Each structure stands twice: as C-alpha cells, then as structure tokens.
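A short write-up of the structure that comes next.
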Amino acid sequence: MKHWTDIALPIPEWLNTWGAGVPQTFPEINQRMAIVIDLARINLKYGGGPFGAAVFNRRTGELIAPGVNWVVPGKSSLLHAEVMALALAEQALGDYELASHGSFELVTSVEPCCQCLGVLMWAGVTSLVCGAYSEDAQAIGFNEGPRSPNWQQELVQRGISVTREVMRFQAVDVLQSYMGKIYNCHLQIQDPIK
Ligand SMILES: [Zn+2]
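So the sequence shown is numbered by this note's numbering: it starts at 15 and just counts up by one.
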C-alpha cells in the first residue's frame, strides 16, 4: 500500500534572494501593491503564473511574507500567490491564525479566486487590497471559480476591509504579458445539455 508522507509544497528559490537590498517596510498602499506587482512580473521569468501577493503588518507596513503563483512549476493547485503568502506568513509567525499576532493585510495583484477567498478568511487577515479585477484574469482565460456576487460585502461583514483597483493597470499589464499555460479550463461553465 502507498505510504503517505507530510505534504511539502515547493516555493521558488528566487524568493529568497529577491528581497535583498529592498526596504522591508512599506507604509503606503501603493508601495505595497508595487512590490506585489513586481513579484508577479519577476515570476513570469521563472515559469510561474502572472499573480503576486504579500502579507504586511497593517500598522508598521512590515513585509511579513511574499507569494507568487507557482501552480505549474510546483505541480500543485494549492500554490496560488495568496495561499503561498498566507502560508509563509503563518510559518513566519508560527501560528495558523494571524489575527492572534496583530492586524495583517493581504495585498494581491488580482482579486482572489474562490480558493484564496476561503484561505484569507481562515488565516485571519483584517484587510484585503486588490489590483486587477477578476474580470481582467478571466479576459486572458483564467477561471476564478464560483464566488458569491457579494463576496466583498461578506468579507466586510466579517471584519475584513476590502480595497479594489489599486494600480490596476500595472497589474493588468503583467496579466497581458503572460504567455504560459492557462489551467482549470475544464471548469469553464458549460452550456446546459439540450
Ligand atoms: Zn486563488
């Protein structure tokens, strides 16, 4: 019988060298988004998807953890940028619940898909900041999955503030530069069988 082992998810090695020489504190929302869009753009060069994210301490602006979409190279559907950033933030703080350690913000270059929407709630961030719209990702063929049409309001009701369209055009520019694989195409909504 197959022997299952601990689940270990790969992250790109370049994330460990990327931060060198870059300030680690980003007081302004545009500075935080600029870093996240940079991560997405660099990720394209290494074969990853056109999505970046990072977790910041809301009060100090300290970068807690970066994330990029590594689904295709990492061979895991879990490896969305937001999930990687949140998981690395949990690793950095040594806890599955960030809210126990202060107030944290997830900044993402594109609005979260159905998976990331769930993870960001369970991880306990208090703020979500998005660059491009979901529609911008859909325009190049990515699928965001089924979400409530009121997903932003539902986050706000749970104490998570939502800010959209921060540097959207720069985030869209990275999406449009992507020449790699579009996955989850089998989940496109089918016409009902007649
Ligand atoms: Zn996602």
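Ideal Cβ positions, reconstructed from N, Cα and C, are used throughout, including at glycine. A quick note: this is a predicted structure, and the numbers were derived from the prediction, not measured.
Taking the alpha-carbon of residue i as reference, which of the options has the nearest alpha-carbon?
i	options	result
L102	D150, Q129 and A68	A68
T177	Y110, G61, E125 and V143	V143
N71	S114, V97 and N57	S114
G155	P37, P64, I49 and R55	P64
D109	Q129, L92, V139 and P87	V139
Return the CA-CA distance between residue i and residue j, expressed in angstroms with no decimal places.
i	j	result
K208	T39	Low per-residue confidence applies at K208: pLDDT is 45, beneath 50, and the placement is therefore not dependable, though the value from the model is reported in the following sentence. Answer to the nearest angstrom: the Cα atoms are 57 Å apart.
V9	A34	In the structure displayed, the chain extends from 15 to 208; residue 9 sits before or after that span and is not available.
I135	G66	The sequence given here places Met at residue 135; Ile does not occur at that position. Roughly 18 Å separates the two Cα atoms.
S175	L112	15 Å
L29	A79	10 Å
N44	E27	26 Å
I25	Q167	32 Å
Give the range of the beta strand (DSSP E) segment to which residue i is assigned.
i	result
A153	Taken as a continuous stretch (DSSP letters only), A153 belongs to no beta strand (DSSP E), being part of the alpha helix (DSSP H) at S148 to A153.
A34	Taken as a continuous stretch (DSSP letters only), A34 belongs to no beta strand (DSSP E), as it is neither H nor E.
A68	G66 to N71
Count the other CB atoms within 10 Å of the CB of residue i; is the residue buried (16 or more) or exposed (fewer)?
i	result
E42	exposed
M181	buried
T19	exposed
N83	buried
Can you find a heavy atom of ligand 1 that lies under 6 Å from the Cβ of residue i?
i	result
C144	no
H94	yes
If you follow the alpha helix (DSSP H) that residue i is part of, which residue opens it and which one closes it?
i	result
S191	R182 to S191
L77	Where L77 is concerned, there is no enclosing alpha helix (DSSP H), although the beta strand (DSSP E) it sits in stretches over L77 to V82.
G88	V85 to G88
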